[in-house]
Amino acid sequence: MADDTAGVDLIPIKSETRTIQKCFQYCLYDVPNFQREYSWTSDQLADFWNDVVLAQGDFFFGSTVTWISERRELFNDTYSIIDGQQRLTTSAIMLSAIRDSFQELVSESGKAAEAKAADSQATATQRYLITTDDDGNSYPVLRRSEPIFGEQIQHSNALPSGVRLNKSAENIRAAQQFFKHRVHEALSGLSLGAKIESLKSIRANVLKARVIQIELTSEEDGFLIFETLNTRGTDLRLADLVKNLLIRGGASNTQDRGTISKRWADLVHRIEDGRTNPDVDSFIWQSWNSRRDAVKQAELFKEVKELVKSDPSKHIAYLEELEEDSQVYEWLENEDVQPERKVRGVRNPFAVPEFVDSMRALAIFNVTVANTTVIAIARKFKTCSFMKESQLIESIKLVENFHFQFSALTNSGSTGGTRGRYNWFAVRLEAANSTTDVGSAIAELRSRLRDSLPTKDRTESAFMELFYAPGLKLNQKQKVRARKLFIAYVLMAFANAKKRIPAGQNLASWSIEHIKPQALGSGTYKDSVYSIGNLTLLTSSLNNQLGDSSLAAKIDELRKGNAYFDPALESWAQSGLDSPSDSQIRERSAMLAEVALNEVWAL
């Protein structure tokens with residue numbers, strides 16, 4: 000044990016080998032507020048099924064680290080879990096799948112004896128999830144904070160609470176479905192009696208799995224041990240360690256620690272909500288680098304500990320930093336973000352349409368390397384009255400324009416140097432004490448980003464290759480460049496730059512029009528019909544009205560509803576042609592490329 004807990008080997012420790020059956024018969028378990036969420040996914044669940052459920056003999060399942068948080072004289076004590084909650088939770092989820100399968104057999108059976116046997120086994124399995132004392136009081140064998148755990152794992156017929164699922168709850172539900180599917184596969188084709196025996200065998204293998212239960216004497220020991228342990232399935236994340244640090248160091252009583260835990264859960268929800276692959280560790284790292292000199296993510300926890308030391312007020316101050324930055328971060332990478340309503344006296348960057356447009360653009364480009372700078376820009380504007388709205392727009396527009404050329408068009412490779420530039424700017428902006436300081440930082444950022452731009456010829460060429468070919472079969476790289484949202488963004492940017500329409504438009508309400516009708520196009524995306532030079536932006540309703548009409552028939556409506564009636568399109572209209580030629584479309588593509596780099600996305 001000393002090897003796993005270096006630096007805390009003077010803590011009193013005792014250990015005992017127990018089967019899961021004994022754990023769930025003679026102990027109650029609680030997952031404390033500083034613990035991580037349930038995080039096992041299909042890979043770990045498959046290992047559990049193969050190693051534990053299909054075991055031919057006793058399987059050693061690793062260790063659990065606990066302390067007795069509640070003692071009872073004539074009933075089981077409650078053990079708070081420091082390490083091992085993933086394993087114990089998964090065991091409980093597996094048992095719930097077995098219980099549910101027994102209950103299904105009750106309704107499936109046409110014979111009273113078999114139905115009674117299945118019901119008896121369902122009841123026996125349920126006792127490993129909910130137990131009772133001699134007075135008939137019920138206790139969950141494993142207590143977790145997620146409502147779904149009580150509703151679906153411990154009780155198969157509980158009234159749903161309707162609480163929105165967080166990531167942990169989603170993983171719990173997915174794990175139960177995973178095991179139910181595996182159980183159904185294992186029982187497929189068997190007679191009813193054989194199904195009952197097979198389920199009993201599966202349950203026996205789960206219950207025979209052995210763990211070493213390590214017991215500490217206090218919660219404080221638990222906090223210290225937590226920082227030194229890695230679980231069998233998933234190493235402790237930065238977020239786990241920071242959460243533990245803030246709860247332990249920010250308060251000394253249970254109620255205040257619960258409050259910090261609740262605030263942390265709210266923060267995590269803001270970060271994770273709506274994201275397919277949320278990464279709280281990355282947020283913590285980006286938040287830090289938006290305020291201070293950059294450190295590697297692997298070294299950040301050491302820096303956080305040094306920052307807060309043993310001062311509770313510094314722990315809370317750092318939590319407040321994360322809470323503040325999470326309110327910006329929750330909108331990053333959101334392609335549908337829309338401007339908020341302006342409120343008098345409130346400096347809200349999200350009520351500035353141009354700022355929101357640039358944030359949306361970075362999400363469309365799938366750019367995250369600029370997150371530190373975006374967080375810093377939004378925070379500075381919100382908290383410092385000397386930063387002008389024009390400076391807010393100018394700084395975020397620099398980032399957008401750079402990445403349109405560097406990332407969206409030319410995919411120019413490594414962003415290591417760019418990340419360093421953004422950290423430099425974020426730190427300098429954080430330290431700015433006047434409008435002049437902010438302006439100087441923006442000017443230097445402009446210079447540094449200009450030096451990193453791809454060549455103009457390369458960027459112009461990439462722009463002229465943009466196309467929109469709905470319905471054609473494209474490879475993944477082509478799909479990214481030809482997404483409707485991206486092409487609509489490109490066309491809208493011209494209209495915004497030329498002041499034809501105001502910022503803050505909802506791109507979903509606009510449609511892309513092929514000036515030369517798509518019906519005249521071939522089966523290749525390189526056909527000029529699909530080229531950027533043949534595209535314009537219309538409201539969706541107007542696009543539906545025009546259909547595949549000729550240019551001459553469309554021209555009056557285009558003048559009324561077109562977002563940007565550029566010189567090339569104007570010349571086509573003046574000439575009265577029915578449809579532009581391939582050469583005319585190429586010429587317009589070149590003209591748009593020049594305007595794009597010299598005006599719309601200029602640095």
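Mapping of the sequence shown onto numbering that gives the first Met the number 0: residues 0 to 602, in sequence order. We put the beta carbon where it would ideally sit given N, CA and C, even for glycine. Predicted model only: the values in this text are computed from it and were never measured.
Contact between GLU214 and TRP66 is confirmed by a C-beta separation of about 6 Å, below the 8 Å threshold. Between the alpha carbons of ARG143 and ASP278 lies a gap of roughly 22 Å. Counting along the chain, PHE380 sits inside the alpha helix (DSSP H) bounded by residues 370-382. When the five nearest sequence neighbours on each side are left out, the beta carbons in the same chain lying within less than 7 Å of the beta carbon of THR124 are those of LEU94, ILE97, ARG98, PHE101 and ARG202, in order along the chain. DSSP places TYR529 in no alpha helix (DSSP H); its state is neither H nor E. Contact check for PHE466 against VAL599 fails: the beta carbons are separated by 8 Å or more. When DSSP reads this structure, PHE59 sits in a beta bridge with ARG209.
Contact between the region 393-410 and the region 435-450 is present: 3 or more CB-CB pairs across the two stretches fall below 8 Å. Remark: three or more beta-carbon pairs, one from each stretch, lie closer than 8 Å, so the region 584-591 and the region 524-537 are flagged as touching. The shortest C-alpha to C-alpha distance from PHE59 to any of LEU73, GLN212 and ALA375 is the one to GLN212. Here TYR25 is exposed: its Cβ has fewer than 16 other Cβ atoms, across all protein chains shown, within 10 Å.
Per DSSP, the unbroken alpha helix (DSSP H) holding THR89 starts and ends at 84-107. Per DSSP, the continuous alpha helix (DSSP H) segment holding LYS396 begins and ends at 388-402.
By the C-beta criterion, the region 513-532 is judged to be in contact with the region 453-469, since at least 3 inter-stretch pairs fall below 8 Å.
Spanning the alpha carbons of GLN20 and ASP46 requires a straight line of approximately 20 Å. Taking the C-beta atoms as reference points, LEU471 is found nearer than 8 Å to GLY522. Inclusion of ILE171 and ILE92 in the CB contact set at 8 Å is warranted, their separation being smaller than that value. When the beta-carbon positions are compared, TYR37 and THR88 come within less than 8 Å of each other. Annotation for ILE283: no beta strand (DSSP E) segment contains it, though the alpha helix (DSSP H) segment containing it runs 279-288. Sequence-distant partners of VAL437 (beyond 5 residues in either direction) whose C-beta falls short of 6 Å from its own C-beta, in its chain, are MET386, GLN390 and ALA431.
In the three-state reduction of the DSSP assignment, ILE500 falls in the coil class. Where ARG17 is concerned, the enclosing beta strand (DSSP E) starts and stops at 13-18.
Closest in C-alpha terms to SER137, from the list SER90, TYR127 and GLY344, comes TYR127.
In its chain, beyond the 5 residues on either side, LYS515, ASN533, ASP581, ILE584 and ARG585 have a beta carbon closer than 8 Å to the beta carbon of SER527. When LEU519, THR538, ALA496 and ARG499 are compared, the shortest CA-CA separation from ILE511 is found for THR538. Selection GLU302, PHE177 and ASN288 evaluated against VAL368 yields ASN288 as nearest (Cα-Cα). Residue pairing by DSSP places THR131 opposite SER137 in a beta bridge. Here LEU506 is buried: its Cβ has 16 or more other Cβ atoms, across all protein chains shown, within 10 Å. ARG172 has no beta-bridge partner at all, per DSSP.
The DSSP-derived three-state label of THR40 is coil. For TRP571, the enclosing alpha helix (DSSP H) stretches over residues 566-574. Closest in C-alpha terms to ARG181, from the list THR122, TYR28 and TRP48, comes TRP48. The three-state secondary structure of ASP239, taken from DSSP, is helix. Here PHE485 has ILE363 as same chain residues with Cβ atoms under 6 Å from its own Cβ, once five neighbours each way along the sequence are excluded.
Its Cα nearest to that of ARG35, the residue LEU237 stands out among LEU237, ASN347, ASP255 and LEU591.
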